[in-house]
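Basically this note's numbering = 1-based index in the sequence shown + 1131.
In what follows, a single structure is set out as structure tokens and then discussed.
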Amino acid sequence: MQEIKNSTAYKIALKEKILEHAMTMFINHGIRAVKMDDIANDLQISKRTLYELYINKEELLYEGIKVSMTRRAEELSKMVSGLDNVMDIIIEVFKRKVDEFKTTNPQFYTDLIRYPKVREYFTKDKEKARMQMMEFMKRGIDEGYFRPNVNYELLGRILESQSTFVMSERLYLVYSMQDILYNMIFVFIRGICTQKGLEVLDAFANKYKDL
């Protein structure tokens, strides 16, 4: 019985190790550039062991994305609980996204849509994200930072389309992801802000060059 427990614990630990390492490789090099052989060789395990735990690269990527998204949601929830208002949240999320883009190969984001199971996961997650966005916008209105006379559902869908366009047209090869993100998010946010919100954005924009 103890041997079975030890074997199970070992497999769980190994699966987690493979997942973490594979996601790091995908983020650094892009997904398509990393082969299952590369992952096995890098971790010094046999291909047979790797395929026993993950049947193919798409399954490995899918599991990695789920873990990453769950972890990100937990971190975001913790961060939000420590901030006072929606403007502070927007600025902090922007800073974190900039840091993320600085350490991620842009090809990683383009490659994601090539995997049906991962694409389906994001499609299912969109509705949840839209609901969260609507709640966030309502909070911004209540706090006096966002204008109430705006169709936020429509704007959310437009923002989704812009994000898809950036990746499909590979604009990150022409502009930095930092500038793309800044112009997408802050032009969008500026359009829905009250004077109170604009004052916060303008103060941040003056410091933007130092990021």
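Just so you know, even glycine gets a beta-carbon here, dropped at the ideal spot from N, CA and C.
Task: Q1133 burial status per 10 Å Cβ neighbour count (16 or more: buried) - done: The predicted position of Q1133 is uncertain, since its pLDDT is 46 and thus under 50; a value taken from the coordinates is nonetheless stated next. Counting of Cβ neighbours within 10 angstroms places Q1133 among the exposed residues, the total staying below 16.
Task: Short Cβ contact (7 Å threshold) for K1327 with Y1276 - done: Contact: yes.
Task: Length of the line joining the Cα atoms of A1153 and D1230 - done: A direct Cα-to-Cα measurement between A1153 and D1230 gives close to 20 Å.
Task: Cut-off 6 Å between Cβ atoms - residues of its own chain near K1188, not counting five sequence neighbours on either side - done: Contacts found: M1167.
Task: Touching by the beta-carbon criterion (3+ pairs, under 8 Å), the region 1231 to 1238 and the region 1159 to 1175 - done: Contact between the region 1231 to 1238 and the region 1159 to 1175 is present, because at least three Cβ pairs lie under 8 Å.
Task: Residue of Y1246, E1251, Y1141 and I1170 minimising C-alpha distance to E1151 - done: Taking only the C-alpha atoms, the option nearest E1151 is I1170.
Open item on the list: Let me check one thing: in DSSP terms, what residues is F1277 bridge-paired to?
Closed with: According to DSSP, which records beta bridges pairwise, F1277 is partnered with C1324.
Task: Sub-7 Å separation of K1233 and L1312 beta-carbons - done: Not in contact: K1233 and L1312 (Cβ atoms no closer than 7 Å).
Task: A1140 (DSSP reduced to helix, strand or coil) - done: The DSSP-derived three-state label of A1140 is helix.
- [ ] Taking 7 Å as the cut-off, decide whether the C-beta atoms of L1290 and F1317 are in contact.
- [x] Contact annotation: L1290 and F1317 have beta-carbon atoms that are not nearer than 7 Å.
Task: Buried versus exposed call for V1281 [16 or more other C-beta atoms within 10 Å across all chains shown] - done: Under this definition V1281 is an exposed residue.
Task: Reference L1207, options D1173, Q1263, V1165 and I1244, closest by Cα - done: Comparing Cα positions, the closest option is Q1263.
Open item on the list: Please tell me whether K1269 and Y1193 are closer than 7 Å, where the distance is taken between their beta carbons.
Closed with: Not a contact, by the Cβ cut-off of 7 Å.
Task: V1305 burial status per 10 Å Cβ neighbour count (16 or more: buried) - done: Burial call: exposed.
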